[in-house]
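Numbering (numbering that gives the first Met the number 0), first residue to last: 0 to 231. Every residue, glycine too, gets a C-beta built ideally from N, C-alpha and C. As the structure is a computational prediction, the values presented were derived from the model and not from experiment. Presented below is the structure to which this report refers.
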Amino acid sequence: MYAAIERSIVRSATQIIFPSYVCETVVEREVVGASLKNSYVIPNPISSIFTDPNAIEHSLERRIAAVGRYSKIKNFEMFFVLHKELLRRKWRHTASFVTNVLGHKMATGEIPKSIKVLPPMTPEGLKKFYLTQGIIVCPSRFETFGNVPMEAACLGIPVLVNEHVGCAEILKQVGLENMVMSFDDVGAVADRIQQLCGQHILPKQLNALKRILDYRFVGDEIRAVLDVAVNK
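Below, the structure is given as C-alpha coordinates:
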(Lines of atoms letter the chains of each structure in order from A; the text may use other names.)
(Lines give C-alpha, C1' and ligand atoms only; values in the text may rest on other atoms or scores of the structure.)
Protein backbone atom coordinates (compact mmCIF):
# COMPACT_ATOMS: atom_id res chain seq x y z
CA MET A 0 0.00 0.00 0.00
CA TYR A 1 2.74 2.44 1.00
CA ALA A 2 4.65 1.76 -2.23
CA ALA A 3 1.52 2.55 -4.26
CA ILE A 4 1.04 5.84 -2.41
CA GLU A 5 4.70 6.77 -2.88
CA ARG A 6 4.52 5.83 -6.57
CA SER A 7 1.48 8.05 -7.03
CA ILE A 8 3.17 11.00 -5.31
CA VAL A 9 6.35 10.65 -7.34
CA ARG A 10 4.53 10.34 -10.67
CA SER A 11 2.34 13.39 -10.02
CA ALA A 12 5.18 15.64 -8.80
CA THR A 13 6.49 18.39 -11.07
CA GLN A 14 9.87 18.44 -9.34
CA ILE A 15 11.32 16.05 -6.74
CA ILE A 16 14.02 16.83 -4.18
CA PHE A 17 16.03 14.01 -2.61
CA PRO A 18 18.50 14.49 0.28
CA SER A 19 21.04 12.10 -1.30
CA TYR A 20 21.80 10.14 -4.45
CA VAL A 21 21.41 6.87 -2.57
CA CYS A 22 17.85 7.90 -1.65
CA GLU A 23 17.10 8.85 -5.26
CA THR A 24 18.47 5.50 -6.48
CA VAL A 25 16.34 3.51 -4.05
CA VAL A 26 13.17 5.35 -5.11
CA GLU A 27 13.97 4.82 -8.79
CA ARG A 28 14.67 1.12 -8.28
CA GLU A 29 12.07 0.13 -5.68
CA VAL A 30 9.21 2.62 -6.09
CA VAL A 31 8.88 3.75 -9.71
CA GLY A 32 11.09 1.22 -11.50
CA ALA A 33 12.48 3.87 -13.82
CA SER A 34 14.99 6.72 -13.99
CA LEU A 35 13.54 10.05 -12.84
CA LYS A 36 14.09 13.07 -15.10
CA ASN A 37 12.64 15.73 -12.81
CA SER A 38 14.68 15.14 -9.64
CA TYR A 39 17.31 17.12 -7.75
CA VAL A 40 19.63 16.10 -4.91
CA ILE A 41 19.94 18.69 -2.13
CA PRO A 42 21.26 17.67 1.30
CA ASN A 43 19.37 18.27 4.52
CA PRO A 44 20.36 21.57 6.13
CA ILE A 45 22.02 21.52 9.55
CA SER A 46 20.86 23.95 12.22
CA SER A 47 23.20 26.84 13.00
CA ILE A 48 23.44 25.58 16.57
CA PHE A 49 25.75 22.86 15.20
CA THR A 50 27.59 24.99 12.63
CA ASP A 51 28.47 28.03 14.75
CA PRO A 52 32.15 28.15 15.87
CA ASN A 53 32.78 26.03 18.96
CA ALA A 54 35.72 25.29 21.20
CA ILE A 55 36.31 21.53 21.36
CA GLU A 56 37.87 20.10 24.48
CA HIS A 57 39.19 16.66 23.66
CA SER A 58 39.07 14.36 26.67
CA LEU A 59 41.81 11.83 27.26
CA GLU A 60 39.02 9.35 27.93
CA ARG A 61 37.93 7.39 24.85
CA ARG A 62 34.23 7.93 24.28
CA ILE A 63 32.13 6.38 21.54
CA ALA A 64 28.41 6.96 21.03
CA ALA A 65 25.38 6.23 18.87
CA VAL A 66 22.30 8.42 18.65
CA GLY A 67 18.91 7.67 17.14
CA ARG A 68 15.51 6.02 17.18
CA TYR A 69 15.74 2.36 18.21
CA SER A 70 14.61 0.42 15.14
CA LYS A 71 15.83 -2.44 12.97
CA ILE A 72 16.90 -0.26 10.04
CA LYS A 73 19.17 1.78 12.33
CA ASN A 74 21.19 -1.39 13.05
CA PHE A 75 22.25 -0.33 16.55
CA GLU A 76 22.86 -3.98 17.36
CA MET A 77 26.08 -3.52 15.34
CA PHE A 78 27.09 -0.71 17.71
CA PHE A 79 26.65 -3.13 20.61
CA VAL A 80 28.75 -5.76 18.81
CA LEU A 81 31.49 -3.21 18.10
CA HIS A 82 31.53 -2.14 21.74
CA LYS A 83 31.96 -5.76 22.82
CA GLU A 84 34.75 -6.26 20.27
CA LEU A 85 36.60 -3.22 21.58
CA LEU A 86 36.24 -4.54 25.14
CA ARG A 87 37.57 -7.91 23.99
CA ARG A 88 40.61 -6.10 22.63
CA LYS A 89 41.01 -4.44 26.04
CA TRP A 90 40.66 -1.04 24.38
CA ARG A 91 39.45 0.98 27.33
CA HIS A 92 36.55 3.26 26.45
CA THR A 93 33.07 4.36 27.46
CA ALA A 94 30.04 3.81 25.22
CA SER A 95 26.78 5.78 25.23
CA PHE A 96 23.50 5.33 23.38
CA VAL A 97 21.02 8.22 23.11
CA THR A 98 17.64 6.80 22.13
CA ASN A 99 13.93 6.37 22.80
CA VAL A 100 14.63 2.78 23.89
CA LEU A 101 12.01 1.03 26.03
CA GLY A 102 12.92 -0.33 29.44
CA HIS A 103 12.29 -3.97 28.49
CA LYS A 104 15.04 -3.77 25.86
CA MET A 105 17.58 -3.25 28.63
CA ALA A 106 15.90 -5.73 30.94
CA THR A 107 16.13 -8.51 28.35
CA GLY A 108 19.81 -7.87 27.78
CA GLU A 109 19.47 -6.60 24.21
CA ILE A 110 21.62 -3.64 25.18
CA PRO A 111 24.86 -4.47 27.05
CA LYS A 112 24.84 -3.15 30.61
CA SER A 113 28.24 -1.59 29.97
CA ILE A 114 26.61 0.89 27.55
CA LYS A 115 25.15 4.02 29.13
CA VAL A 116 21.64 4.60 27.78
CA LEU A 117 20.44 8.22 27.70
CA PRO A 118 17.00 9.63 26.78
CA PRO A 119 16.34 11.85 23.74
CA MET A 120 17.81 15.35 24.07
CA THR A 121 17.05 18.88 22.92
CA PRO A 122 19.32 20.28 20.19
CA GLU A 123 21.21 22.20 22.87
CA GLY A 124 21.62 19.02 24.91
CA LEU A 125 22.79 17.06 21.87
CA LYS A 126 25.36 19.73 21.06
CA LYS A 127 26.86 19.47 24.54
CA PHE A 128 26.79 15.68 24.28
CA TYR A 129 28.51 15.55 20.89
CA LEU A 130 31.27 17.84 22.13
CA THR A 131 32.16 15.37 24.89
CA GLN A 132 32.52 12.39 22.52
CA GLY A 133 35.51 10.98 20.66
CA ILE A 134 33.43 9.56 17.80
CA ILE A 135 29.79 9.17 16.75
CA VAL A 136 28.98 5.84 15.09
CA CYS A 137 26.13 5.49 12.56
CA PRO A 138 25.73 1.81 11.55
CA SER A 139 22.32 2.21 9.81
CA ARG A 140 21.57 -0.25 7.02
CA PHE A 141 20.00 2.69 5.15
CA GLU A 142 19.40 6.39 5.80
CA THR A 143 18.02 8.89 3.30
CA PHE A 144 20.51 11.36 4.76
CA GLY A 145 21.63 11.07 8.40
CA ASN A 146 21.41 14.31 10.37
CA VAL A 147 23.06 12.95 13.52
CA PRO A 148 26.52 12.29 12.06
CA MET A 149 26.41 15.59 10.15
CA GLU A 150 25.53 17.53 13.29
CA ALA A 151 28.46 15.97 15.11
CA ALA A 152 30.86 16.42 12.17
CA CYS A 153 29.93 20.11 11.88
CA LEU A 154 31.09 20.45 15.49
CA GLY A 155 34.44 18.90 14.53
CA ILE A 156 33.69 15.49 16.07
CA PRO A 157 34.80 12.44 14.04
CA VAL A 158 32.03 10.16 12.79
CA LEU A 159 31.91 6.73 11.20
CA VAL A 160 28.94 5.96 8.93
CA ASN A 161 27.82 2.96 6.94
CA GLU A 162 28.34 3.41 3.19
CA HIS A 163 24.55 3.10 2.68
CA VAL A 164 23.86 6.28 4.67
CA GLY A 165 23.05 9.30 2.48
CA CYS A 166 25.41 11.73 4.20
CA ALA A 167 28.33 9.45 3.29
CA GLU A 168 28.25 11.31 -0.04
CA ILE A 169 28.92 14.62 1.72
CA LEU A 170 31.75 13.18 3.80
CA LYS A 171 33.42 11.87 0.65
CA GLN A 172 32.86 15.19 -1.10
CA VAL A 173 34.84 17.13 1.54
CA GLY A 174 37.68 14.61 1.80
CA LEU A 175 36.54 12.57 4.79
CA GLU A 176 36.36 9.21 2.98
CA ASN A 177 37.98 7.54 6.00
CA MET A 178 34.76 8.19 7.93
CA VAL A 179 32.72 6.04 5.51
CA MET A 180 32.90 2.25 5.17
CA SER A 181 30.97 -0.99 4.93
CA PHE A 182 29.94 -2.32 8.34
CA ASP A 183 30.07 -5.95 7.19
CA ASP A 184 33.48 -6.65 8.77
CA VAL A 185 33.32 -6.08 12.54
CA GLY A 186 37.09 -6.24 12.94
CA ALA A 187 37.72 -3.64 10.24
CA VAL A 188 35.09 -1.28 11.66
CA ALA A 189 36.52 -1.65 15.17
CA ASP A 190 39.97 -0.84 13.76
CA ARG A 191 38.62 2.34 12.18
CA ILE A 192 36.90 3.43 15.40
CA GLN A 193 40.20 3.09 17.24
CA GLN A 194 41.95 5.15 14.56
CA LEU A 195 39.37 7.95 14.43
CA CYS A 196 38.35 8.30 18.07
CA GLY A 197 39.51 11.63 19.47
CA GLN A 198 40.92 12.96 16.20
CA HIS A 199 40.22 16.45 14.86
CA ILE A 200 38.38 17.23 11.65
CA LEU A 201 40.74 19.62 9.87
CA PRO A 202 39.58 23.26 9.42
CA LYS A 203 39.53 22.99 5.61
CA GLN A 204 37.23 19.95 5.73
CA LEU A 205 35.11 21.41 8.54
CA ASN A 206 34.55 24.68 6.67
CA ALA A 207 33.60 22.77 3.52
CA LEU A 208 31.03 20.74 5.49
CA LYS A 209 29.51 23.87 6.99
CA ARG A 210 29.25 25.60 3.61
CA ILE A 211 27.47 22.66 1.99
CA LEU A 212 25.06 22.14 4.90
CA ASP A 213 24.39 25.80 5.77
CA TYR A 214 20.62 26.23 6.03
CA ARG A 215 20.76 29.48 4.05
CA PHE A 216 22.64 27.90 1.15
CA VAL A 217 20.40 24.82 1.17
CA GLY A 218 17.34 27.09 1.35
CA ASP A 219 18.49 28.97 -1.75
CA GLU A 220 18.90 25.68 -3.63
CA ILE A 221 15.42 24.51 -2.64
CA ARG A 222 13.93 27.89 -3.56
CA ALA A 223 15.50 27.66 -7.03
CA VAL A 224 13.85 24.25 -7.59
CA LEU A 225 10.49 25.58 -6.39
CA ASP A 226 10.77 28.53 -8.79
CA VAL A 227 11.26 26.08 -11.67
CA ALA A 228 8.21 24.07 -10.54
CA VAL A 229 6.01 27.16 -10.26
CA ASN A 230 7.00 28.48 -13.66
CA LYS A 231 6.36 25.20 -15.50
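State the start and end residues of the unbroken beta strand (DSSP E) segment that holds residue i.
i	result
Ser47	Segment 47-50 is the alpha helix (DSSP H) holding Ser47; no beta strand (DSSP E) there.
Val66	62-66
Thr93	93-97
Phe17	15-17
Tyr39	38-40
Leu212	Segment 202-212 is the alpha helix (DSSP H) holding Leu212; no beta strand (DSSP E) there.
Asn161	158-161
Cys196	Per DSSP, Cys196 belongs to no beta strand (DSSP E) and is neither H nor E.
Ala72	Note on residue identity: the sequence assigns Ile, not Ala, to residue 72. That residue, Ile72, is in no beta strand (DSSP E); it is neither H nor E in DSSP.
Near residue i, what residues of its chain come up, given a Cβ to Cβ distance below 6 Å and the 5 sequence neighbours on each side ignored?
i	result
Phe144	Pro18, Ser19, Asn43, Gly165, Cys166
Phe96	Ala65, Ile114, Val116
His103	Confidence at His103 is low in this model, with a pLDDT of 47, below 50, so its placement is unreliable and the value that follows should be read with caution. Counting only Cβ-Cβ distances below 6 Å, and skipping sequence neighbours, we find nothing.
Gln194	none
Tyr214	Pro44
Less than 7 Å between the CB of residue i and some heavy atom of the ligand GTP, yes or no?
i	result
Pro118	For the ligand GTP, the structure offers nothing, since it holds no ligand at all.
With a CB to CB cut of under 8 Å and the five nearest residues on each side skipped, what residues in its chain are close to residue i?
i	result
Cys153	Ile45, Phe49, Thr50, Leu205, Leu208, Lys209, Leu212
Ala33	Glu27
Leu35	Val9, Ile15, Glu23, Val26, Glu27
Gln132	Arg62, Ile63, Ala64, Ser95, Ala151, Ile156
Asp219	none
Val100	Tyr69, Ile110, Val116
Give every residue of the same chain whose Cβ lies closer than 7 Å to the Cβ of residue i, excluding the five residues on either side of it in the sequence, and list them in chain order.
i	result
Leu225	none
Val227	Gln14
Ser38	Ile15, Phe17, Glu23
Val147	Val66, Gly67, Ile135, Cys137
Ile221	Ile16, Ile41
Phe128	Val97, Met120
Glu60	Thr93
Pro122	Ser46, Ile48
If residue i sits next to residue j, beta carbons under 8 Å apart, how far is it from one beta carbon to the other, in whole angstroms?
i	j	result
Leu125	Glu150	7 Å
Leu85	Ala189	6 Å
Pro111	Phe79	6 Å
Arg62	His82	The Cβ separation is near 12 Å, so there is no contact.
Glu5	Val30	5 Å
Leu170	Met178	5 Å
Phe182	Met77	6 Å
Residue i lies in the alpha helix (DSSP H); which residues open and close that run?
i	result
Lys112	That residue, Lys112, is in no alpha helix (DSSP H); it is neither H nor E in DSSP.
Leu35	Unbroken run through Leu35: none, as it is neither H nor E.
Lys171	167-172
Val100	Unbroken run through Val100: none, as it is neither H nor E.
Glu23	20-26
Taking 8 Å as the cut-off, does the stretch 66-73 touch the stretch 171-182 (at least 3 CB pairs, one atom from each stretch)? no
Count Cβ pairs between the stretch 129-137 and the stretch 154-161 that sit closer than 8 Å; are there 3 or more? yes
Which runs of the alpha helix (DSSP H) at least 4 residues long sit entirely within the stretch 123-156? Give them in chain order. 146-153
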